[in-house]
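Residue numbering for the sequence shown follows my numbering, starting at 676 and increasing by one per position.
From the three backbone atoms N, C-alpha and C, an ideal C-beta is built for every residue, glycine too.
Here's the structure we're looking at; comments come further down.
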Amino acid sequence: MVCPFCNAEDTAVIDSRRNSEGSSIRRRRKCPSCDSRFTTYEKSEIELIVKKRNGNLEEFQYEKLQKGIESAFGGQEISEKKLKGLVDEIFIEVKKSGKKVNSDSIGETVLEYLKKENEVAYLRFASVYKEFSNVSDFEKEAAEFN
676 MVCPFCNAED
686 TAVIDSRRNS
696 EGSSIRRRRK
706 CPSCDSRFTT
716 YEKSEIELIV
726 KKRNGNLEEF
736 QYEKLQKGIE
746 SAFGGQEISE
756 KKLKGLVDEI
766 FIEVKKSGKK
776 VNSDSIGETV
786 LEYLKKENEV
796 AYLRFASVYK
806 EFSNVSDFEK
816 EAAEFN
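Written out as structure tokens, the structure is:
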């Protein structure tokens, strides 16, 4: 790692720690040339591969998950912090199943978390995910809350 202060080519790692989610590594570094200290963060580029219903494979898109959950809330009041926390929790849960995961598994995990968080958001997401075709589908799903 190049020192950001003096551009020396070789710096020493003083301390390494994983972040709380385990998705990146924080390293404290020291430059032997200028004695400056700085922090770097390392994160893997490809964390998760998703197998779609049609069999295609694609890289997991965090933004797509966030947009889907945000759409499920459909204008209801949810803070950006709470939304990000919910998406992070779901992402961590999904990652526990390994480097390759089915899109159905992601959908089920989202439903599980939304069911605890907000009934309306749950029903909105379920209507798209489970491809509701009529009102009785909504009624059956809503009956689970009673």
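- Query: If we count Cβ pairs, one from each stretch, closer than 8 Å, do we get three or more for the stretch 710 to 717 versus the stretch 725 to 734?
  - Reply: no
- Task: Measure the C-alpha to C-alpha separation of lysine 771 and serine 708 and round it to an integer number of angstroms.
- Result: The residue given as residue 771 occupies position 96 in the sequence shown. The residue given as residue 708 occupies position 33 in the sequence shown. C-alpha separation (whole angstroms): 42 Å.
- Could you check which residue in Arg704, Ser691, Ser699, Phe820 has the C-alpha nearest to that of proline 679? Along the sequence shown, read from residue 1 onward, the residue named residue 679 stands at position 4. When only C-alpha atoms are compared, the closest one is Arg704.
- Use the C-beta contact count for phenylalanine 748: other C-beta atoms within 10 angstroms, 16 or more gives buried, fewer gives exposed. The residue given as residue 748 occupies position 73 in the sequence shown. By the 10 Å Cβ count, phenylalanine 748 comes out buried.
- Message: One question on the structure: do glycine 782 and tyrosine 797 come within less than 7 Å of each other, judged by their Cβ atoms?
- Response: Taking the first residue of the sequence shown as position 1, residue 782 is located at position 107. Taking the first residue of the sequence shown as position 1, residue 797 is located at position 122. No, the pair does not count as a contact, with Cβ atoms beyond the cut-off.
- Item | Which residues DSSP lists as bridging tyrosine 716, in chain order | Position 41 of the sequence shown, counted from the first residue, corresponds to residue 716. When DSSP reads this structure, tyrosine 716 sits in a beta bridge with Arg701.
- Query: Does the separation of the CB atoms of glutamate 819 and alanine 801 fall below 7 Å?
  - Reply: The count along the sequence shown starts at 1 and reaches residue 819 at position 144. The count along the sequence shown starts at 1 and reaches residue 801 at position 126. No, the Cβ-Cβ distance between glutamate 819 and alanine 801 is not below 7 Å.
- Message: Excluding the 5 residues flanking glycine 743 on each side, which residues of the same chain have their C-beta closer than 6 Å to its C-beta?
- Response: Here residue 743 refers to the residue found at position 68 of the sequence shown. No residues qualify anywhere along the chain.
- Item | Beta-carbon spacing of lysine 726, asparagine 777 below 7 Å | Taking the first residue of the sequence shown as 1, we reach residue 726 at position 51. Taking the first residue of the sequence shown as 1, we reach residue 777 at position 102. Asparagine 777 sits close to lysine 726, with the two beta carbons spaced by under 7 Å.
- Message: So, under 8 Å CB-CB, valine 785 and isoleucine 767 are touching, yes? Tell me the CB distance rounded to an integer number of Å.
- Response: Mapped onto the sequence shown, residue 785 falls at position 110. Mapped onto the sequence shown, residue 767 falls at position 92. Not a contact, Cβ separation roughly 13 Å.
- Message: In this structure, how does DSSP classify isoleucine 689 when only helix, strand and coil are distinguished?
- Response: As a first step, residue 689 must be located in the sequence shown, where it is residue number 14. Residue state, collapsed to three classes: strand.
- Message: Once DSSP output is grouped into helix, strand and coil, what is the label at lysine 726?
- Response: Translated into positions along the sequence shown, residue 726 becomes position 51. Of the three classes helix, strand and coil, the one that applies to lysine 726 here is strand, per DSSP.
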